[in-house]
Amino acid sequence: MATQPYKWRRDTDGLGVWEHRGKVAVAGFGHSPVNRRWDETSMDQTLGAYSMLACELAMEDAGVTPDQIDGVICCDSHIAGSSGGTASNWAPRPYFEPPYDSEWGLTLVNGDWLVKQLELPNVKYAPSNVPTIGEMLGLAAQSIADGKCTTCLVIYPTGNMEGRYRRGGENAQDHADGARQWTFPWGNHGGNDFINIFPHNQYCLKYGGTHDDVAPFVINQHRNGLLTPWGYNASSGMVQLTEDDYVNSRYILNPLRIFDCDRPVNASAAYLVTTAERARDMKQPPVYVLNHSQHNFTQRTTQPDLDEIEEWTDRAATRMYEGAGLGPADVDIFNPYDGYSIMSQFFLEAFQWHGVKRGDSFAFYADDIRVEGPHPFSSSGGNLGNGRTRT
Numbered sequence: 001m002a003t004q005p006y007k008w009r010r011d012t013d014g015l016g017v018w019e020h021r022g023k024v025a026v027a028g029f030g031h032s033p034v035n036r037r038w039d040e041t042s043m044d045q046t047l048g049a050y051s052m053l054a055c056e057l058a059m060e061d062a063g064v065t066p067d068q069i070d071g072v073i074c075c076d077s078h079i080a081g082s083s084g085g086t087a088s089n090w091a092p093r094p095y096f097e098p099p100y101d102s103e104w105g106l107t108l109v110n111g112d113w114l115v116k117q118l119e120l121p122n123v124k125y126a127p128s129n130v131p132t133i134g135e136m137l138g139l140a141a142q143s144i145a146d147g148k149c150t151t152c153l154v155i156y157p158t159g160n161m162e163g164r165y166r167r168g169g170e171n172a173q174d175h176a177d178g179a180r181q182w183t184f185p186w187g188n189h190g191g192n193d194f195i196n197i198f199p200h201n202q203y204c205l206k207y208g209g210t211h212d213d214v215a216p217f218v219i220n221q222h223r224n225g226l227l228t229p230w231g232y233n234a235s236s237g238m239v240q241l242t243e244d245d246y247v248n249s250r251y252i253l254n255p256l257r258i259f260d261c262d263r264p265v266n267a268s269a270a271y272l273v274t275t276a277e278r279a280r281d282m283k284q285p286p287v288y289v290l291n292h293s294q295h296n297f298t299q300r301t302t303q304p305d306l307d308e309i310e311e312w313t314d315r316a317a318t319r320m321y322e323g324a325g326l327g328p329a330d331v332d333i334f335n336p337y338d339g340y341s342i343m344s345q346f347f348l349e350a351f352q353w354h355g356v357k358r359g360d361s362f363a364f365y366a367d368d369i370r371v372e373g374p375h376p377f378s379s380s381g382g383n384l385g386n387g388r389t390r391t
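So in this note's numbering, spot 132 of the sequence shown is number 132, and the numbers just go up one at a time.
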């Protein structure tokens with residue numbers, strides 16, 4: 001008899017307050033060092049070693065032992081081997097000579113591999129085909145709430161090897177099929193940079209301002225990154241970015257400069273997610289999950305425009321606030337995604353954090369957004385300040 005798929009996503013408008021609001025908590029966190037790339041030699045710096053370290057640190061942070069873990073959720077898309085992991089066959093492989101007959105533990109990690117390596121004896125829940133970081137925490141929260149497990153490690157590894165970043169699947173091909181033929185020439189992963197530049201230029205035309213108005217945000221992301229000890233900037237001797245550094249940096253695709261783009265890195269992070277009841281007896285004050293929400297909005301064309309992006313970010317914000325039973329005034333910390341600097345303004349305005357409305361982002365960036373100031377925007381430093389960890 002076929003098993004029905006687990007319907008865990010909250011991806012519909014008008015769902016109301018999440019029925020498990022406050023019943024799930026994050027009780028521990030662990031992060032590996034962040035390197036630019038794996039050197040293809042050091043076995044204590046492989047993606048597997050870093051993922052195991054992150055899990056061990058998360059368990060230690062929460063004060064739990066391996067036998068208490070009964071769930072493992074690990075994203076198996078690792079960027080360097082993304083889109084099916086075929087990047088492993090793309091580059092020369094001298095470091096995979098015997099006795100290493102596979103990439104598991106070197107550049108690939110999944111739940112089953114971690115369960116074996118960490119010797120977790122009581123894991124009963126380790127789903128396959130786990131989504132990437134944003135949805136993965138939603139899956140963990142819903143899984144805990146629905147009783148599929150009670151104490152779960154959530155792991156996000158991100159690998160980077162020279163010549164292999166995003167060179168998996170169709171990106172490793174020497175031609176572009178279908179709709180990709182219109183976007184692929186502008187980038188090695190589906191023209192993502194071009195796709196984001198188009199609505200950004202529309203934004204500048206509609207609301208006024210130029211791309212240089214993003215500079216204070218980018219500079220502040222680097223500043224915040226230097227305050228994050230495990231991040232790439234802080235741990236690699238990076239110096240504070242200045243406005244001159246930013247405006248004079250080379251273009252990747254006009255108007256995107258190199259500092260508008262996050263830096264691919266090699267790292268792993270883990271969160272320990274559990275029931276609110278169990279979290280109360282653990283070492284750290286629990287961080288309660290009030291809602292999770294996913295979006296998968298249909299685009300009219302292969303190139304979303306400003307109107308579409310503003311529509312779906314508005315809907316995403318409405319879903320999240322509604323499910324959490326909160327509003328913009330209730331949110332103290334807001335860290336929207338910043339894979340490119342020009343993505344964050346759309347989320348900032350949709351979620352109306354600190355009263356920011358459509359078209360207000362550039363003026364907001366020019367205000368005091370430092371962590372010490374009245375508007376500590378994206379206080380983590382995000383991916384621009386820490387490397388593309390997504391964590």
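Even glycine gets a Cβ: it sits at the ideal position worked out from N, Cα and C.
inquiry  = Three Cβ pairs or more, each shorter than 8 Å: is that satisfied between the segment 346 to 359 and the segment 252 to 272?
reply    = Because the criterion of three Cβ pairs below 8 Å is not met, the segment 346 to 359 and the segment 252 to 272 do not touch.
Pairwise C-alpha distance: aspartate 305 and arginine 370 = Taking the sequence shown and counting its residues from 1, the one referred to as residue 370 is at position 370. Taking the sequence shown and counting its residues from 1, the one referred to as residue 305 is at position 305. Going from the Cα of arginine 370 to the Cα of aspartate 305 covers about 31 Å.
Tell me which residue opens and which closes the alpha helix (DSSP H) that threonine 313 is part of. By 1-based counting over the sequence shown, the position of residue 313 is 313. Element bounds for threonine 313: 306 to 324.
Under the rule that 16 or more other beta-carbon atoms within 10 Å means buried, what is arginine 296, buried or exposed?
As a working mapping, residue 296 is identified with position 296 in the sequence shown. Correcting the residue type first, residue 296 is asparagine in the shown sequence and not arginine. When all chains shown are included, asparagine 296 counts as exposed.
Using only the alpha-carbon positions, how far apart do glutamine 117 and leucine 53 sit?
Counting from one through the sequence shown, the residue named residue 117 turns up at place 117. Counting from one through the sequence shown, the residue named residue 53 turns up at place 53. Annotation: glutamine 117 to leucine 53 spans about 11 Å, alpha carbon to alpha carbon.
ask   = DSSP beta-bridge partners for isoleucine 333?
value = Position 333 of the sequence shown, counting from 1, holds the residue named residue 333. In the DSSP output, where bridge partners are listed per residue, isoleucine 333 has none listed.
- Query: Thinking C-beta only, is alanine 329 closer than 8 Å to lysine 23?
  - Reply: Indexing the sequence shown from 1 puts residue 23 at position 23. Indexing the sequence shown from 1 puts residue 329 at position 329. Against a cut-off of 8 Å, the Cβ pair of alanine 329 and lysine 23 comes out as no contact.
- prompt: With which residues is tryptophan 104 paired in a DSSP beta bridge?
  reply: Reading the sequence shown from its first residue, position 104 is the one you call residue 104. Tryptophan 104 is bridged to Leu108.
Does the beta-carbon distance from glutamine 68 to histidine 292 come in below 8 Å?
Against the sequence shown, residue 68 aligns to sequence position 68. Against the sequence shown, residue 292 aligns to sequence position 292. No.
- [ ] Give the single residue among Ala316, Gly63 and Leu108 whose Cα lies nearest to the Cα of glycine 14.
- [x] Working through the sequence shown from its first residue, we reach residue 14 at position 14. Comparing Cα positions, the closest option is Ala316.
query = Going by alpha carbons, who is nearest to valine 72 out of Leu47, Leu57 and Val154?
reply = As a position in the sequence shown, residue 72 is number 72, starting the count at 1. Nearest option by C-alpha distance: Val154.
Helix, strand or coil, according to DSSP, for asparagine 266 in the structure here? As a working mapping, residue 266 is identified with position 266 in the sequence shown. Looking at asparagine 266 - three-state DSSP - the assignment turns out to be strand.
Worksheet item: Can you list, in chain order, the residues of its chain whose CB lies under 6 Å from that of histidine 20, leaving out five sequence neighbours each side?
Response: In the sequence shown, the residue the question calls residue 20 occupies position 20. Within the same chain, histidine 20 has close Cβ partners Ala145.
By alpha-carbon positions, which one of Asp39, Leu106 and Gly359 ends up nearest to lysine 206? For the purposes of this step, residue 206 is taken as residue 206 along the sequence shown, with counting starting at 1. Lysine 206 has its Cα closest to that of Gly359, out of Asp39, Leu106 and Gly359.
> Rounded to a whole number of angstroms, what is the C-alpha to C-alpha distance between threonine 151 and valine 273?
Replying inline: Indexing the sequence shown from 1 puts residue 151 at position 151. Indexing the sequence shown from 1 puts residue 273 at position 273. Computed Cα separation, rounded: 6 Å.
task: In angstroms with no decimal places, state the Cα-to-Cα distance between leucine 253 and histidine 375.
output: On the sequence shown, residue 253 is found 253 positions in, with the first residue counted as 1. On the sequence shown, residue 375 is found 375 positions in, with the first residue counted as 1. C-alpha separation (whole angstroms): 30 Å.
- When the Cα atoms are used, what is the spatial distance from glycine 30 to serine 77? The residue labelled residue 30 in the question sits at position 30 within the sequence shown. The residue labelled residue 77 in the question sits at position 77 within the sequence shown. Going from the Cα of glycine 30 to the Cα of serine 77 covers about 19 Å.
Check your understanding: Helix, strand or coil for glycine 126 per DSSP?
Key -> Residue numbering aside, residue 126 sits at position 126 when the sequence shown is read from its first letter. Note on residue identity: the sequence assigns alanine, not glycine, to residue 126. Note: alanine 126 maps to coil in three-state DSSP.
Do you know how far the Cα of arginine 300 is from the Cα of glycine 237?
-> Here residue 237 corresponds to residue number 237 of the sequence shown, with the count starting at 1. Here residue 300 corresponds to residue number 300 of the sequence shown, with the count starting at 1. Straight-line Cα distance between these residues: approximately 45 Å.
Note to self: Is it buried or exposed, threonine 313, if we count other Cβ atoms within 10 angstroms and call 16 or more buried?
What the structure shows: Taking the sequence shown and counting its residues from 1, the one referred to as residue 313 is at position 313. So threonine 313 ends up on the buried side.
Task: Continuous beta strand (DSSP E) stretch holding tyrosine 365: start and end - done: Mapped onto the sequence shown, residue 365 falls at position 365. Careful: tyrosine 365 lies outside any beta strand (DSSP E), inside the alpha helix (DSSP H) at 361 to 365.
Checklist entry - So what's leucine 53 in DSSP terms, helix, strand or just coil? => result Counted from its first residue, the sequence shown places residue 53 at position 53. Of the three classes helix, strand and coil, the one that applies to leucine 53 here is helix, per DSSP.
- Query: So what does DSSP say about cysteine 75, is it helix, strand or coil?
  - Reply: In the sequence shown, residue 75 corresponds to position 75, counting from 1. Cysteine 75 falls in the coil class under three-state DSSP.
Notebook entry, point to check: Under a three-way DSSP split, which group does proline 199 fall into?
Noted result: Here the question's residue 199 lines up with position 199 in the sequence shown. The answer is helix: DSSP assigns proline 199 an H, G or I state.
Beta strand (DSSP E) containing tyrosine 156: first to last residue? The residue given as residue 156 occupies position 156 in the sequence shown. From DSSP, the beta strand (DSSP E) with tyrosine 156 extends over 151 to 158.
Are serine 344 and serine 378 touching if we call contact CB-CB under 8 Å? Taking the sequence shown and counting its residues from 1, the one referred to as residue 344 is at position 344. Taking the sequence shown and counting its residues from 1, the one referred to as residue 378 is at position 378. Result yes, Cβ atoms of serine 344 and serine 378 sit closer than 8 Å.
Compare the C-beta of alanine 366 with all C-beta atoms of chain B and state if any pair is closer than 8 Å. The structure shown has no chain B; it contains just one protein chain.
Grouping DSSP H, G and I as helix and E and B as strand, with all else coil, what is arginine 21?
One-based indexing of the sequence shown puts residue 21 at position 21. In the structure shown, arginine 21 sits in coil (DSSP, three-state: anything other than H, G, I, E or B).
### Message
On the DSSP letters alone, give me the boundaries of the beta strand (DSSP E) that tyrosine 246 sits inside.
### Response
Your numbering for residue 246 matches position 246 in the sequence shown. Careful: tyrosine 246 lies outside any beta strand (DSSP E), inside the alpha helix (DSSP H) at 243 to 247.
Pull the bridge partners of leucine 253 from the DSSP assignment, please. The sequence position of residue 253 within the sequence shown is 253, counting from 1. Beta-bridge pairing links leucine 253 to Leu256.
Do the CB positions of glycine 163 and aspartate 262 come within less than 8 Å of each other? The residue you call residue 163 lines up with position 163 of the sequence shown. The residue you call residue 262 lines up with position 262 of the sequence shown. Not in contact: glycine 163 and aspartate 262 (Cβ atoms no closer than 8 Å).
*asked:* At the level of alpha carbons, what is the spacing between arginine 223 and glutamine 240?
replied: The residue given as residue 223 occupies position 223 in the sequence shown. The residue given as residue 240 occupies position 240 in the sequence shown. In a straight line, the C-alpha of arginine 223 is about 6 Å away from that of glutamine 240.
Next item on the list: Use the C-beta contact count for aspartate 61: other C-beta atoms within 10 angstroms, 16 or more gives buried, fewer gives exposed.
Entry: For this step, residue 61 is matched to residue 61 along the sequence shown. With 16 or more other Cβ atoms within 10 Å, it is buried.
Alpha carbon to alpha carbon, what distance is there between glycine 147 and asparagine 335? Here residue 335 corresponds to residue number 335 of the sequence shown, with the count starting at 1. Here residue 147 corresponds to residue number 147 of the sequence shown, with the count starting at 1. If you take the alpha carbons of asparagine 335 and glycine 147, they lie about 29 Å apart.
Point to revise | Cβ-based neighbour list, methionine 43, same chain, cut-off 8 Å, excluding 5 preceding and 5 following | key: Reading the sequence shown from its first residue, position 43 is the one you call residue 43. The answer, listed in chain order, is Ala49.
Contact check, asparagine 110 vs cysteine 74, beta carbons under 8 Å
Locating residue 110 in the sequence shown gives position 110, where the first residue counts as 1. Locating residue 74 in the sequence shown gives position 74, where the first residue counts as 1. Against a cut-off of 8 Å, the Cβ pair of cysteine 74 and asparagine 110 comes out as a contact.
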